[in-house]
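Take a look at the structure set out below.
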Amino acid sequence: MAVSKCTRLTGPLIKQLLDSVDNVLFDCDGVIWRGDQAIPGAVGVINLLRKNGKRVFFVTNNSSKTRKMYAEKMSLLGFDAKEEEVFGTAYCLAMYLKTIIKLEGKVYLIGNNAMKQELENVGIQQTGSGPDLIFGTPSDWANVPLDPEVKAVVVGFDWDFSYMKLNRAMQYLSNPDIVFVGTNTDTRLPLEGGKAIPGTGCIVKSVETAAQRQAQTVGKPSRFMFHCVASQFGLDGARCLMVGDRLDTDILLGSNCGLKTLLTLTGVSTLADAEAHQKSGAPERLGMVPDYYVESIADLLPALQG
Amino acid sequence: MAVSKCTLLTGPLIKQLLDSVDTVLFDCDGVIWRGNQAVPGAADVIDLLKKNGKRVFFVTNNSSKTRKMYAEKMKTMGFDAKEDEVFGTAYCTAMYLKTVLKLEGKVYLIGNNAMKEELENVGIQHTGTGPDLIFGTPSDWANVPLDPEVKAVVVGFDNDFSYMKLNRAMQYLSNPDCMFVGTNNDTRLPLEGGKVVPATGCMVKAVETAAQRPAQVVGKPSPFIFDCVASRFKLDGARCLMVGDRLDTDILLGSNCGLKTLLTLTGVSTLADAEAHQRSGSPQRLVMVPDYYVISIADLLPALQG
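Line by line, the protein sequences give chains A and B. Adding 18 to a residue's 1-based position in the first sequence gives its number in this note's numbering. Adding 4 to a residue's 1-based position in the second sequence gives its number in this note's numbering.
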């Protein structure tokens, strides 16, 4: 396939692209919904893709829901989706620890209830989630008791993140044999009305700075996210389309795994961002240029309905 | 003066160096104390320097004490030091906001009581200190009410640091006219027994990542902290010696301001770190090579007593 051209997807091109793939993988935040608001037309697109014989999957870096919770949110918003079709990083991280790291031992978790549940579902115990307030003196912090069964520090979206958690993670990670894994490095989470809040990337960065070590990252653009889906459903990358709103996660994952890529402009990245990567000519930036772009995935409707 | 040679300071060299300066500036953590334990011999070194007619100042990136609190800690630990000889970043950040940024308006403060006091001492109001726990939904976080009088976000050492504070800072900083100042970038605070806890740099990094903007940093190696001392006491950089334990803050500040530099090995940086910078040949690293090093500042005692 030729070098990504960042072509506007319109007219007969839409049907041509859809005919060339069997599977469509959607990012969620900024693509099919923003916060708790569905993108207008998104439900129609997904229903029609299925009617047209395509398999549809959802691949999101958001670690705050289990597959079950995602299926429930989708149902509420009118999307037709089953639990097994949704791949969030709470689930994928648990799979990564179980199948790739083959972790034997506990996790010190900076995360949320969804991550707790997905870890429990694969039989991995955790310690640390929930509020963790400061107490005592700096000397107490430095000498905080460590659970000897902890063999990994895991960082995901944690709205109870605190200095004490940062400290505990740092103390555990001073042992080089402790594994360090993050769900994703997105710096912002886009919500309704163009608003945003800090993303997991800010928390991961904080822990990496204290620990003076880099986290292994499970979420896009790491290939593991695609591998998780592909291995369970026998997908051929060349017959897959990745639809996302972030060049440095969704589109880069697509490029890394040989998928076709479609950027939608309802989320984080802009057309100007994509064109800047294209003009740069730098090899590490060209992977972030999408094959195609649309203003919104609703732009696919005419071709699907016709 | 010749290129920094990282020479062991011993024998007649000590007296030679001390005779060539009128003023000695000491870092605190890892140099004269570790947590609440004085480095053996440090109090005597300071006494004798003063007896020998040298002026002595303390320049620390630690933002958790006011000048008054530092003077009290020093007294408790047997050091002879007055309030106006101590320059911590709580004080220097307040001075920076007042005299350099000429701030008119409030500060959203991620910090501590000492920073609060030093801001109040220069007439700058602040909001945000103390615990700040999560409430509501992500939408509530994105729409958290902002005080229109806030004109700067300031980040220092905050053991109540939380996701909610990170969020508020990000929301304020989405206004490009809102200033962004950090006390320092040190990633770790060294305590007794070789232990460490996470330092302010981890929190500054989290906020910079969320805000997608760099903070203006007041502490070492920024020349401002030397200017703070030099302008008050009319110091001539060439007749000053900077004594510190960190190559990337203390020694770099010394190089940036034309001071002589002495590395002590009782804190964060090692001799191997210094020699690696020296061997690198790269200009940005050569400025982190100290002129001299000692194992501990107690090594200065023989020359001072003799």
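Ideal Cβ placement from N, Cα and C applies to all residues, glycine included. The structure presented is a predicted model; accordingly, all values stated were derived computationally and were not measured.
Taken through DSSP and simplified to helix, strand or coil, Ile-36 of chain B comes out as coil. Where Phe-44 of chain A is concerned, the enclosing beta strand (DSSP E) starts and stops at 41-44. Taking the Cα positions, Pro-294 of chain B is about 10 Å away from Thr-268 of chain B.
By the Cβ-count criterion, Leu-113 of chain B is buried, with 16 or more other Cβ atoms from all chains shown falling within 10 Å of its own Cβ. With three or more CB-CB distances shorter than 8 Å, the segment 304-319 of chain A counts as touching the segment 20-40 of chain A. For the C-beta of Met-188 of chain A, the chain B residues within less than 7 Å are, from N- to C-terminus, Pro-202. Counting of Cβ neighbours within 10 angstroms places Asp-54 of chain A among the exposed residues, the total staying below 16. Fewer than three pairs of CB atoms, one per stretch, sit closer than 8 Å, so the segment 203-222 of chain B makes no contact with the segment 242-249 of chain A.
Segment contact: the segment 74-90 of chain A against the segment 123-135 of chain A, three or more CB-CB distances shorter than 8 Å; contact assigned.
Think of a sphere of 7 Å around the beta carbon of Phe-179 of chain A: the chain B residues whose beta carbon falls inside it are Ser-166 and Tyr-167, in chain order. Taken through DSSP and simplified to helix, strand or coil, Ser-180 of chain A comes out as strand. Restricted to the segment 252-306 of chain A, the alpha helix (DSSP H) segments that are unbroken, complete and at least 4 residues in length are 270-274, 289-298 and 301-304, listed in chain order.
Here Asp-47 of chain A carries a strand assignment [DSSP, helix/strand/coil]. Leu-12 of chain B counts as exposed, since fewer than 16 other beta carbons sit within 10 angstroms of its beta carbon. At a cut-off of 8 Å between beta-carbon atoms, Lys-209 of chain B makes contact with chain A.
Beta-bridge partners assigned by DSSP to Lys-264 of chain B: B:Leu-245. In the displayed model, Phe-139 of chain B falls within coil according to three-state DSSP, outside both helix and strand. Its chain contains Ala-118 as the residues whose beta carbon lies nearer than 8 Å to that of Met-73 of chain B, once the 5 sequence neighbours on both sides are disregarded; these appear in chain order. In the three-state reduction of the DSSP assignment, Gln-144 of chain A falls in the strand class.
Close CB contacts of Arg-264 of chain A within its chain, under the 6 Å cut and outside five residues either way in sequence, are with Val-286 and Ser-287 (chain order).
In this chain, the beta strand (DSSP E) harbouring Met-183 of chain B covers 183-186.
In the structure shown, Ser-273 of chain B adopts coil according to DSSP, grouped into three states. Using a Cβ-Cβ cut-off of 8 Å, Gly-219 of chain A counts as an interface residue toward chain B, since at least one Cβ of chain B sits closer than that to its own. Close to Pro-156 of chain A, with beta-carbon spacing below 8 Å, are these residues of chain B in chain order: Gly-39, Leu-193, Leu-195 and Val-201. Counting along the chain, the unbroken alpha helix (DSSP H) around Val-222 of chain A starts and ends at 218-229. Counting the other CB atoms within 10 Å of its CB gives Phe-237 of chain B a total below 16, which places it among the exposed residues. The DSSP assignment places 124-128 as complete runs of the beta strand (DSSP E) inside the segment 107-154 of chain A, in order along the chain (cut-off: 3 residues). Taking 8 Å as the cut-off, the beta carbon of Asn-41 of chain A is found no closer than this to the beta carbon of Thr-267 of chain A. Contact between the segment 87-106 of chain B and the segment 58-65 of chain B is present, with at least three C-beta pairs closer than 8 Å. A Cβ-Cβ distance of about 32 Å is found for the pair Glu-90 of chain A and Gly-123 of chain A, leaving them out of contact under the 8 Å criterion. Proximity of Trp-51 of chain A to chain B, defined by a Cβ-Cβ separation below 8 Å, is not satisfied.
Taking a C-beta cut-off of 9 Å against chain B, none of the residues of the segment 258-276 of chain A qualify.
Minimum Cα-Cα distance from Val-104 of chain A among the listed residues A:Leu-36, A:Lys-169 and A:Leu-43 corresponds to A:Leu-43.
Between the alpha carbons of Gly-310 of chain B and Val-25 of chain B lies a gap of roughly 18 Å. Segment contact: the segment 189-204 of chain B against the segment 35-43 of chain B, three or more CB-CB distances shorter than 8 Å; contact assigned. Distance between Thr-235 of chain A and Thr-265 of chain B, taken at the CA atoms: about 41 Å.
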